[in-house]
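Trainee: Structure in structure tokens, see below.
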Amino acid sequence: MGGAEWAQQSRRHDVAVLKYKKNKSSIHFGAAFNQQEVSKTGNILTTPNTYKTLQYAWFNQIWNSFSVSFLFVNNGLQFINPTNGDASETRFSQTLGSHLKYKHQKWNMASNIFYQFGNDIAKNSLSAYLVSFDLNYKLNNRLTLSLGSEVFSGNNDSLPSNGKNKAFSPLYGTNHKFNGLMDYFFVGNHGNNVGLIDINAGVVLGLGEKTSLNAKLHSFSSAAKIVDTDSKQLGLEADLVVNHNYKKDINIKTGFSQLFASEGMQFLKNNFDDRTNYWAWIMVTIKPTLFQTKND
139 MGGAEWAQQS RRHDVAVLKY KKNKSSIHFG AAFNQQEVSK TGNILTTPNT
189 YKTLQYAWFN QIWNSFSVSF LFVNNGLQFI NPTNGDASET RFSQTLGSHL
239 KYKHQKWNMA SNIFYQFGND IAKNSLSAYL VSFDLNYKLN NRLTLSLGSE
289 VFSGNNDSLP SNGKNKAFSP LYGTNHKFNG LMDYFFVGNH GNNVGLIDIN
339 AGVVLGLGEK TSLNAKLHSF SSAAKIVDTD SKQLGLEADL VVNHNYKKDI
389 NIKTGFSQLF ASEGMQFLKN NFDDRTNYWA WIMVTIKPTL FQTKND
């Protein structure tokens, strides 16, 4: 559950959170409730793509080089009956899983295993999973290599069938961070679809004390069958980002990405114009220190 700063409207969570920490163990409990506005009667929520009510529990344990966390989320979405407002209800799905991290000398490893069940907003029965693994190796002070994979389960022919939905939803994650910087997947799109398999390799190269180059190549394919084609290959995406710490409080990032779409992507997005897809951007982050007190 992350903030989405790239979206024009941004996103934050109004959640009551209870935290307990002892040594290297942490437990969090959170609960949230949303409705459209202050009202004397009813508490309908009409804002799309968010939760009516949400509860979660998170446990984290850290050892010297290994950490594990467990997460349970009960996500309630507002269903509005178009013909009978009294029949509107909150429909719940549950997400359960674990995040693992291991660090040893020059190696960094991380893995996610999650499973979703319950019901989606259309009251289809949910049975979906997410599995990922990332490996980083720091060759020297200037060069780090990475290799990763991520699998989202999906629905054949892009839609739930027979009252069953097999497509995993990352819910309220910071999705721009994952699966390529062109946001072809899970950034306001690709919900209840054919899923995704993302195999990627990258390199971080130091170009000086203040500058580094981050390059990553993604190979995308669908986890389930795409309608009207036997191809599951979606394409390749190359992402390049130059990071420069101009001054202590000023950071500049410049990026370029290009997608090389395959036949599966054309059928999935229903676009056959064969045009090149790319974008470039620049971001300046300024974090000034306005006030500072010195302790003797």
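Per the numbering used here, the very first residue in the sequence shown carries number 139; after that it's consecutive.
Heads up, the beta-carbon is just placed ideally off N, CA and C, and yes, glycines get one too.
(1) Closer than 8 Å is the cut-off here; do at least three beta carbon pairs connect the segment 281-294 with the segment 341-348?
(2) Can you tell me the Cα-Cα spacing of N415 and P186, whole angstroms?
(3) Hey, how far is the Cα of I182 from the Cα of I259?
(4) Say whether the segment 405-422 touches the segment 378-395, bearing in mind that this needs 3 or more beta-carbon pairs closer than 8 Å, one atom from each stretch.
(5) When you compare the segment 195-212 with the segment 224-239, are there three or more beta-carbon pairs, one atom per stretch, that lie closer than 8 Å?
(6) Do the segment 304-314 and the segment 350-360 meet, that is, are 3 or more Cβ pairs less than 8 Å apart?
(7) P426: buried (16+ other C-beta within 10 angstroms of its C-beta) or exposed?
(8) So, is Y116 buried or exposed, given that buried needs 16 or more other C-beta atoms within 10 angstroms?
(9) From V176 to H328, what does the alpha carbon distance come to, in whole angstroms?
(10) Measuring CB to CB, does G402 end up less than 8 Å from S369?
(11) Does the separation of the CB atoms of N294 and S270 fall below 8 Å?
(12) How would you label V85, buried or exposed, when you count the other beta carbons within 10 angstroms and need 16 or more for buried?
(13) Can you tell me where the beta strand (DSSP E) holding E430 begins and where it ends?
(14) For R150, tell me which candidate among A170, N161 and S163 has the shortest Cα-Cα distance.
(15) Quick one: is F204 buried, meaning 16 or more other Cβ sit within 10 Å of its Cβ, or exposed?
(16) Looking only at its own chain, which residues have a Cβ that is under 8 Å from the Cβ of N262, when we skip the five neighbours before and after it?
(17) On the premise that F306 lies in contact with I364, defined as a C-beta separation below 8 Å, what is that separation, rounded to the nearest angstrom?
(18) Could you give the DSSP three-state label for K101: helix, strand or coil?
(19) Note down, in chain order, each residue of its chain lying with its Cβ closer than 6 Å to the Cβ of Q173, except the 5 sequence neighbours on either side.
(20) Which of helix, strand or coil does DSSP assign to K407?
(21) Report the rounded CA-to-CA distance for Q254 versus K162, giving the unit in angstroms.
(22) Could you pull out every residue in the same chain whose Cβ sits closer than 7 Å to the Cβ of S265, ignoring the five residues on either side in sequence?
(23) Where do the N-terminal and C-terminal ends of the beta strand (DSSP E) with G329 fall, by residue?
(24) Would K190 be called buried (16 or more neighbouring beta carbons within 10 Å of its own) or exposed?
(25) Do the CB positions of M247 and L277 come within less than 8 Å of each other?
(26) To which residues does DSSP link I364 through a beta bridge?
Mentor: Quick answer:
(1) The way I'd put it, the segment 281-294 does touch the segment 341-348; three or more beta-carbon pairs between them come closer than 8 Å.
(2) Rounded to whole angstroms, the gap between the alpha carbons of N415 and P186 is 29 Å.
(3) The alpha-carbon atoms of I182 and I259 are separated by roughly 15 Å.
(4) Contact annotation: the segment 405-422 touches the segment 378-395, with at least three C-beta pairs closer than 8 Å.
(5) Touching, yes.
(6) Not touching, per the Cβ criterion.
(7) Here P426 is exposed. Its C-beta has fewer than 16 other C-beta atoms within 10 Å.
(8) The shown model of the chain, from 139 to 434, leaves out residue 116, and the question about it has no answer.
(9) Approximately 33 Å, taken between the alpha carbons.
(10) Yes, the Cβ-Cβ distance between G402 and S369 is below 8 Å.
(11) The answer is no: Cβ separation not under 8 Å.
(12) Nothing in the structure corresponds to residue 85, since the chain is present only between 139 and 434.
(13) Residue identity check: residue 430 is Gln in the sequence provided, not Glu. Per DSSP, Q430 is not a residue of any beta strand (DSSP E), being assigned neither H nor E.
(14) Taking the Cα of R150 as reference, the smallest distance to any Cα among A170, N161 and S163 is reached at A170.
(15) So F204 counts as exposed.
(16) Cβ contact annotation for N262 (same chain, cutoff 8 Å, sequence separation greater than five): P298, G301, K302 and N303, in chain order.
(17) About 17 Å separates the beta carbons of I364 and F306, which is beyond the 8 Å limit, so they are not a contact pair.
(18) No answer is possible for residue 101: the residues shown for the chain start at 139 and end at 434.
(19) N181 and L183.
(20) Here K407 carries a helix assignment [DSSP, helix/strand/coil].
(21) A direct Cα-to-Cα measurement between Q254 and K162 gives close to 28 Å.
(22) F255, K302 and K304, listed in sequence order.
(23) Looking at the DSSP string, G329 is not in any beta strand (DSSP E), and its letter there is neither H nor E.
(24) With 16 or more other Cβ atoms within 10 Å, it is buried.
(25) No, they are not a contact pair.
(26) For I364, no pairing in a beta bridge is given by DSSP.
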